[in-house]
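In terms of numbering that gives the first Met the number 0, the sequence shown has 71 at position 72, counting the first letter as 1, and numbering is strictly consecutive. We put the CB at the ideal spot given by N, CA and C, even for glycine. For clarity, every value in this text was computed on a predicted model and none was experimentally measured.
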Amino acid sequence: MEVYEAMRTRRSVRAYRSNPIPTEVLDRVLDAARIAPSGSNRQPTRLIVVTDEKTRTDVAALCHGQSFVATAPVVIVACGRDIKYHRGEWMGRYSAIVDVAIAVDHLTLAARAEALGTCWIGSFTNSALKEYFKLPDDVDVVALTPLGYPEGNPFTDPRGRIPLAEFAYRERWQ
Numbered sequence: 000m001e002v003y004e005a006m007r008t009r010r011s012v013r014a015y016r017s018n019p020i021p022t023e024v025l026d027r028v029l030d031a032a033r034i035a036p037s038g039s040n041r042q043p044t045r046l047i048v049v050t051d052e053k054t055r056t057d058v059a060a061l062c063h064g065q066s067f068v069a070t071a072p073v074v075i076v077a078c079g080r081d082i083k084y085h086r087g088e089w090m091g092r093y094s095a096i097v098d099v100a101i102a103v104d105h106l107t108l109a110a111r112a113e114a115l116g117t118c119w120i121g122s123f124t125n126s127a128l129k130e131y132f133k134l135p136d137d138v139d140v141v142a143l144t145p146l147g148y149p150e151g152n153p154f155t156d157p158r159g160r161i162p163l164a165e166f167a168y169r170e171r172w173q
């Protein structure tokens, strides 16, 4: 699939078939996240790949009860290690979050290219997930996504997006 097609048709999927994801497909998607760039190549991203049904259900409960998360055959928990590197001004303290977000974006686009659905989950209880997965003190959960083959065909053209002229200003704030 061409990259612009993947970007244009990627959607948040909240209904999944129970079909398992073949190992080679899952590995391609995970590798897309692994090769994502990071600031100064520090690579703070780590992924927890959850396939166990009970664990997926527990994780969904810690995502403020978003039960659809557990219906996908895989849940990805994207974590970031505090790399204690502040690359400048106010953005410095967010460097690991930005790097993990880049990796998750790569993952979601690769998933789309493989006909898999994802849904970026940002509503969760970090402290509870840290405890559940026994994460080190310097590691936080940044995002989660269910991963699986969607019910129906959610991969449609975007609707309701603002025009490019309202989104991208030329030379200065308009």
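Bridge-paired residues (DSSP) for V68: V68 pairs with nothing; no bridge assigned.
Cβ-Cβ distance between V12 and T117 below 8 Å: For the pair V12 and T117, the CB atoms are nearer than the 8 Å cut-off.
Residue interval of the beta strand (DSSP E) (run including T56): Where T56 is concerned, there is no enclosing beta strand (DSSP E), although the alpha helix (DSSP H) it sits in stretches over E52 to L61.
Y3 classed as buried or exposed, judged by whether at least 16 other C-beta atoms fall within 10 angstroms: By the neighbour-count rule (16 or more Cβ atoms within 10 Å), Y3 is not buried but exposed.
Per DSSP, cross-strand counterpart(s) of R45: For R45, which the question treats as bridged, DSSP gives the partners C78.
Spatial neighbours of A109 in its chain, beta-carbon cut-off 7 Å, leaving aside the 5 residues before and after: So the qualifying residues of the chain are R27, V28 and A31.
Pair within 8 Å by beta-carbon distance, C78 and R45: It is a contact, given that the beta carbons lie within the stated cut-off.
Per DSSP, cross-strand counterpart(s) of S11: In the DSSP output, where bridge partners are listed per residue, S11 has T117.
Supposed close pair I20, P72 - CB separation, criterion 8 Å: Sure, about 6 Å apart at Cβ, within 8 Å.
Rounded Cβ spacing between D81 and D137 (contact assumed at less than 8 Å): In this structure, D81 and D137 form a Cβ contact; the two beta carbons are roughly 5 Å apart against a cut-off of 8 Å.
CA nearest to the CA of D51, picked from A100, A167, H105 and T70: With respect to the C-alpha of D51, the residue from A100, A167, H105 and T70 having the closest C-alpha is T70.
Buried or exposed (CB count within 10 angstroms, at least 16 for buried), G147: Buried, by the Cβ-count rule.
Residue range of the beta strand (DSSP E) that includes L146: If you look at L146, you'll find it in the beta strand (DSSP E) that goes V138 to G147.
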